[in-house]
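Here's the structure we're looking at; comments come further down.
4 protein chains.
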Amino acid sequence: MNKDMEVFEQLESGVRSYVRSFPTVFTKTKGYKMWNAEGEEYIDFFSGAGALNYGHNDDHMKQKLIEYITSDGITHSLDMASEAKAEFLTKFNDIILQPRNLDYRIMFPGPTGTNTVESALKLARKVTGRTDVISFTNGFHGMTIGSLSVTGNSMKRKGAGIPLQNVVTMPYDNYVNEQDSIDYLERFLEDSGSGVAIPAAMILETVQGEGGINAASFEWLKKVERVCKRWGILLIVDDVQAGIGRTGSFFSFEPAGIKPDIICLSKSLSGYGLPLAVTLIRPDIDKFSPGEHNGTFRGNNHAFITASAALDYWKDDQLEQNIHEKSEITLAFLNQLVEKYPALEGEVRGRGLMVGVACGADGLAGKIAAEAFQRGLIMETAGPNDEVFKLFPALNIDEAGLRQGLAIIEDSIKEVLR
Amino acid sequence: MNKDMEVFEQLESGVRSYVRSFPTVFTKTKGYKMWNAEGEEYIDFFSGAGALNYGHNDDHMKQKLIEYITSDGITHSLDMASEAKAEFLTKFNDIILQPRNLDYRIMFPGPTGTNTVESALKLARKVTGRTDVISFTNGFHGMTIGSLSVTGNSMKRKGAGIPLQNVVTMPYDNYVNEQDSIDYLERFLEDSGSGVAIPAAMILETVQGEGGINAASFEWLKKVERVCKRWGILLIVDDVQAGIGRTGSFFSFEPAGIKPDIICLSKSLSGYGLPLAVTLIRPDIDKFSPGEHNGTFRGNNHAFITASAALDYWKDDQLEQNIHEKSEITLAFLNQLVEKYPALEGEVRGRGLMVGVACGADGLAGKIAAEAFQRGLIMETAGPNDEVFKLFPALNIDEAGLRQGLAIIEDSIKEVLR
Amino acid sequence: MNKDMEVFEQLESGVRSYVRSFPTVFTKTKGYKMWNAEGEEYIDFFSGAGALNYGHNDDHMKQKLIEYITSDGITHSLDMASEAKAEFLTKFNDIILQPRNLDYRIMFPGPTGTNTVESALKLARKVTGRTDVISFTNGFHGMTIGSLSVTGNSMKRKGAGIPLQNVVTMPYDNYVNEQDSIDYLERFLEDSGSGVAIPAAMILETVQGEGGINAASFEWLKKVERVCKRWGILLIVDDVQAGIGRTGSFFSFEPAGIKPDIICLSKSLSGYGLPLAVTLIRPDIDKFSPGEHNGTFRGNNHAFITASAALDYWKDDQLEQNIHEKSEITLAFLNQLVEKYPALEGEVRGRGLMVGVACGADGLAGKIAAEAFQRGLIMETAGPNDEVFKLFPALNIDEAGLRQGLAIIEDSIKEVLR
Amino acid sequence: MNKDMEVFEQLESGVRSYVRSFPTVFTKTKGYKMWNAEGEEYIDFFSGAGALNYGHNDDHMKQKLIEYITSDGITHSLDMASEAKAEFLTKFNDIILQPRNLDYRIMFPGPTGTNTVESALKLARKVTGRTDVISFTNGFHGMTIGSLSVTGNSMKRKGAGIPLQNVVTMPYDNYVNEQDSIDYLERFLEDSGSGVAIPAAMILETVQGEGGINAASFEWLKKVERVCKRWGILLIVDDVQAGIGRTGSFFSFEPAGIKPDIICLSKSLSGYGLPLAVTLIRPDIDKFSPGEHNGTFRGNNHAFITASAALDYWKDDQLEQNIHEKSEITLAFLNQLVEKYPALEGEVRGRGLMVGVACGADGLAGKIAAEAFQRGLIMETAGPNDEVFKLFPALNIDEAGLRQGLAIIEDSIKEVLR
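Chains as they are written, first to last, in UniProt numbering: chain S, 1 to 418; chain D, 1 to 418; chain A, 1 to 418; chain L, 1 to 418.
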């Protein structure tokens, strides 16, 4: 083992994980590139699991952040009012919500994905007076008990050490062949003898990241919304990973034409990789009492600063254009890859720049990712059996970088299949 | 209403809370002072609810942070290895753990207090194979379902919308007059017919912050440790608010001479108010599988940088000296205050610079804090009925600032009691 | 209101139910006939909801019971040894288990259906160390919290006043059109990301009584058994209502060729309508500690006496022959009824003498049953919306009595449809 | 082993329990005497764990029962109206409720103790809309999941195989030395930060049977009632074992002068050892919907017949007199026993004819009971560690029988201590 890695082996808990797949010490990053202590360069197709959609250390945000720190702007403000927060609220409303004809109250539930999911579940239960929530197979929503309850992965669930309750799991789109999972779900709701109560909410990702890059069809999402409306169920879209442009639009659900009752955002919201999350709430169900949900790091002003700067990328459609173009290139590449290497038993999945290839043989995706790392590409696997290698380049990656990364993937596949 | 406040009224969720007590827009802060947009100055006796023990925007940390950002150091690294993280691990071990003869594995459970508490509870249940946890009256541990289950406050608990389970609440030190709550607790454990199973863990704060500045005696803490050892129960100290010097030593439990099995740290850990948390785990129970608990913002490198800089304050005992001196001044002041103003029906509580005065009459503490705000002091209330006004000055506050703040408190009391 | 009914109105709890459908005071019964205080005769197509499969006050059992009482035989023996219990155990083994090549340990869990179901669920969880149980849509297993958790009916579930946990409801046979519910179920088990853990047990009725006389196909039952074996899941057949001959054989599952791991029997087990239940347990999983499940009325010796006498009916195949013949008559009648009265939108359901007709229009089944009562027939409704009228004649009913009852049903339908 | 016992060894589940303490086959019983197959006579100080307060096979009840059976009276009536049920309702009201100035609606929840407890808990939760129930240390309420949740015994609780929820255990009277457990309990209710919510109900036995013959003082019971009233908590008295005269009055709580909101009765209610239970409900909280709680054996008419006959014993105070006299004799005897045999480290416990002696040394009570069985006395042990031998003679035992039994106890103690 690399001597620099010893400190982690000796001092950090065994729960550490990605460091095992990418065993090197990173020191510097810029855009879609990362460098380790030895100066070796890596292309980043991981992007902080979706927390770095704008790439690393974006210059615009960086400048704003340094200015703010230099001027002794308030760093930590709990949920007190600050100038930086006011600016974020205003820009989020002006640039994101209003142009999309969306009306939500903005809650700061704590700075991480699981904070926003927990706040959404609590609110939905409080508002409806019901206890159950419907989640979907292979959903991933976080590691605290509330969020973990609606997460499918059995290894993670066992980590709770207690039975996870008040949740009913229903099949995600295309879960069982030739069955429309929504008909199935609604059969349970219609039948007062089904044992499944009308739930407080349904929570879903429009494209499941950790669950294996499963993209729900727009038709399916519309049906879910229709069923929710019909039965007075709140629809929570967890857009923590699929949102902020990852699938092609700011909110992942925009092209499906649905309007969730509650939206969870985090990861790339701050733009710069800083912890920030919001829960967007339909105004008429904004029913928490003051302080009924709170948390110390709700007022991360550094993140407000970079988040406000990041919103500038959404003033026009340039970023969306870039995502679209790079997605086309990527999907075309992956499709030909799957055809060219039948031993992959590959299935191309995803939408926008949230894409991946599910591999038929056990462990294959992991081997490809490991080989790619050797060749200078950071790439994660996903899915219940880690059977998918997952491409999450920065949304503003240039074509050269993208093609360089894709080439490494093909080389890695060749090597692994040899 | 102030026009600047309108943006919060219009766009933010009604769950916002502190902004209602301190209705002004903050722009700049330094040390123990804060300024609003109009340039009005406030003395901060709130310190981000314990997240700003070193005051605001400390120059040493600020310089390190700006350097790091300027040099494009990696910002967001999940749980991959980074230079900034290696430095933090090393310094934390060298400056904090080793000199105290402590041996813990360091887990990064996500950057907030509730993340570390959830990870601690999950680990304790996994390691012991038991489901119940004993918490204590008026404990506060966080707002996600696992942490909320061990939190006492009934308003917060109702926010869950579901029954909170797998927890038994036992009386904290001095909860019921003339009864030793530990004898009581142990009676339940000894008796196989008590209905209380041997739990996975006990979780406690040595001084309860939100619960009303209740300080457990060292004797009581030692008894808790003894009972835990006797019955094979893991002892979790939630040092999120009481730790990092707030009560006089780095870990709040040091003077009690106990060694918890798991320690939760967050709030002032990063020093600069940036989100960071660690869970310290006795090496032989460091049993999570890789990735069994994870989270996007485990690798907040900006926070690693400032946290490492903050640790420099613990290389000698100067900070501890300052806490001690300022605590003496504060407690002396509060004691004479209580004597001087019997209408307060005041009771001085706390330890170090985590102190407060419980007021007898309903609503009195809140009125005093509100009046103090009008006079330029930021101060919070705590306790089940907000009956305590709570003094949390920066640990490195100078005597002038401290006395200025105390004077405002006395003036406010005079005004309120008039 | 009838004056005799006043005592019930005034003194009994409003939870009383069947007395509202059949508002008369019964005094005497014999075979398939009941008489009220006015001497009016009723034909009983209800049979104590399946607790009176041998009809009322059978002479053979009656004689044995009177002899036993007269001789001061022990009445109540908890789980001590008694002669009457020894006889029951021996005859149950000799007449029922051995000829069917079945090997089970016999547990007396308390004298009611819900006692046996609770004991089965507890045992399955203890043996497997797992907490979840899979139940099926429209299953009915009892009213105590454990049994209620696996019961589908939403009105009954709400009666719990707490969320019912540790249960996953899966679709019963034919629940969703053209979908094989077992493939569906197994998809959840195979997928480690489904959110559904491998359960301790599956619990089902082969024909659902309260749930609407839904008969699972033998093929479906075989598939369930196969899936249980494959995944190490215990199969619990709740034969409380469908067993003891009601569907044509002693155990309802015999013709499906399956062997459950645990079987729940009650209702007609005592033969005479006296409270008695057993839990049959595969010997290698008979793992309760002595007294780990207990109850005061496990040793109801009067019921042992009549149950032993009732077993004599199973020494040859005469009873089974009668069930078969009367079932043929009944089903033929119902089928022509449905054809003759299309306004019923009727669907004939069931097996053996556990049959019914689901009616399309809301409330129709209830009106038919009410009309039938006016005409001297006792008949219940079932199904989530009480949409099924349910024929449960005594298994030993003669042809005359059966045809008389069927004629009343047709007359009632004519009247109601008029 | 006795050859007659083989059938139980071979065919019955290992969960059987009392048969292990009393390994003989009983055939005949009368009054306070039992005989086995060999004609050996036993004095019964067990009385079916309180289900045979009137002794075995009482002649008055026996005659009524045989008459009823002979005349083909309806045996099983679910919750339909029957003459036998009308008579029971009327007599229960006239003889028991009215003379005591009590007004309750009578619910038939199923024929066992756990049925009535489950119905009481469900109703309390439904009526109040709250989920938690307060139970007391060493309470015993039944083996189904709802009742087991409020039962203290850890071995029984583990039998559930799932965490038991929605319950808070508080200390019973005298649980912790020199502490008033009600002050303790109320401290939790008063404090909105205690983590203990205002519960739906408190459930308790006035004298705990299985828990070790712990008798609550009348003062303590009054305090419980006062606290319940103050906080709007329903008081459920589980009088299944302590009721029907066992402690000296029909309801055990009469001398304490309290009026519970809900009362659970079973065991000796039928008088003859037949399964019967009622839940008595304060009329204004009689809020179940029709059929919201149901069960097959709610209408056990044989039990109605004997129960009505048994009520004749309460028309005057003769039975109560007898209990009082025999209790005096028994307690005097036990007190001198404890003094005479200090090696017992004995503590006399109980009230009426629900009495016992807690023995200091481990296993001693069990040895005494085993020796007594050898000498012709049936006697049980109780308490979390089976440290109490428990005297439950028939309430109508004559002095000769009582003294004979007591003498056997003394002889057994002598033998064991030798």
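We put the beta carbon where it would ideally sit given N, CA and C, even for glycine.
{"query": "Completely contained alpha helix (DSSP H) runs for the stretch 279-320 of chain A, where each covers 4 or more residues", "result": "301-311"}
{"query": "Rounded C-alpha distance that separates ILE285 (chain S) from VAL127 (chain S)", "result": "7 Å"}
{"query": "DSSP three-state assignment for TYR18 (chain A), whether helix, strand or coil", "result": "helix"}
{"query": "The beta strand (DSSP E) enclosing PHE136 (chain D), as first and last residue numbers", "result": "133-136"}
{"query": "Sequence-distant residues of its chain with Cβ nearer than 8 Å to LEU417 (chain S) (five each side left out)", "result": "TYR341, ALA343 and LEU344"}
{"query": "Beta-bridge partners of TYR42 (chain S), as assigned by DSSP", "result": "S:MET34"}
{"query": "Contact with chain L by ASN93 (chain A), beta-carbon distance below 9 Å", "result": "yes"}
{"query": "Under 9 Å between C-beta atoms of PHE188 (chain A) and SER181 (chain A)", "result": "no"}
{"query": "Whole-angstrom distance between VAL7 (chain L) and MET1 (chain L), CA atom to CA atom", "result": "Because the pLDDT of MET1 (chain L) is 49, which lies under 50, any placement of that residue in the model is unreliable, and the number read from its coordinates should be weighed accordingly. MET1 (chain L) and VAL7 (chain L): Cα-Cα distance of roughly 11 Å."}
{"query": "Sub-9 Å separation of MET80 (chain A) and THR306 (chain A) beta-carbons", "result": "no"}
{"query": "Span of the alpha helix (DSSP H) around LEU204 (chain D)", "result": "Here LEU204 (chain D) belongs to no alpha helix (DSSP H); instead the beta strand (DSSP E) covers 201-204."}
{"query": "Touching by the beta-carbon criterion (3+ pairs, under 8 Å), the stretch 373-380 of chain L and the stretch 239-257 of chain L", "result": "no"}
{"query": "Where SER249 (chain D) sits in the DSSP three-state scheme", "result": "coil"}
{"query": "DSSP state of ASN214 (chain A) mapped onto helix, strand, coil", "result": "strand"}
{"query": "9 Å Cβ cutoff, THR169 (chain D) in contact with chain S", "result": "no"}
{"query": "Inter-residue spacing [alpha-carbon to alpha-carbon] between residue 478 (chain D) and LYS158 (chain A)", "result": "Outside the shown range of chain D (1 to 418) lies residue 478 (chain D), about which nothing can therefore be said."}
{"query": "Backbone CA spacing between ALA358 (chain A) and GLY366 (chain A) [nearest angstrom]", "result": "11 Å"}
{"query": "Partners in chain A for ARG226 (chain S), counting only beta-carbon separations shorter than 9 Å", "result": "None at all; the shortest Cβ gap to chain A is about 18 Å."}
{"query": "Supposed contact pair PHE108 (chain L) and GLY299 (chain L) - C-beta distance, whole angstroms, cut 8 Å", "result": "7 Å"}
{"query": "Complete beta strand (DSSP E) runs within the stretch 156-181 of chain L (minimum length 3 residues, chain order)", "result": "167-170"}
{"query": "Validate contact between the stretch 67-85 of chain A and the stretch 266-282 of chain L using beta carbons, cut 8 Å, 3 pairs", "result": "yes"}
{"query": "Residue-level contact to chain A via CB, ALA400 (chain L), 9 Å cutoff", "result": "no"}
{"query": "PHE88 (chain L), DSSP secondary structure in three states", "result": "helix"}
{"query": "Three-state class that DSSP yields for MET354 (chain S) in the structure shown", "result": "strand"}
{"query": "Proximal residues of chain D, C-beta to C-beta of ASP72 (chain S) below 7 Å", "result": "LYS28, THR29, LYS30 and ASN57"}
{"query": "Three-state secondary structure assigned by DSSP to LYS28 (chain L)", "result": "strand"}
{"query": "CB of ALA201 (chain D) within 9 Å of CB of LEU164 (chain D), strictly", "result": "no"}
{"query": "Environment of LEU353 (chain D) [buried if 16+ CB atoms lie within 10 Å]", "result": "buried"}
{"query": "Test item: CB-CB of LEU52 (chain D) and ILE236 (chain D) under 9 Å", "result": "no"}
{"query": "Cβ neighbours of THR144 (chain L) in the same chain (closer than 7 Å, five flanking residues each side left out)", "result": "THR114 and GLU118"}
{"query": "Bridge-paired residues (DSSP) for VAL348 (chain S)", "result": "S:VAL357"}
{"query": "Min CB distance ALA160 (chain A) to chain L below 9 Å", "result": "yes"}
{"query": "Selected residue, minimal CA-CA separation from TRP35 (chain L), among L:THR279, L:TRP231, L:GLN10 and L:PHE373", "result": "L:PHE373"}
{"query": "Alpha-carbon to alpha-carbon, VAL176 (chain S) and LYS91 (chain A)", "result": "48 Å"}
{"query": "Contacts around HIS293 (chain A), its chain only, beta-carbon distance under 7 Å, and the 5 residues preceding and following it disregarded", "result": "PRO109, SER119 and LYS122"}
{"query": "Closer than 8 Å: LEU189 (chain A) CB and nearest the ligand MG heavy atom", "result": "You won't find the ligand MG in this model; it holds no ligand whatsoever."}
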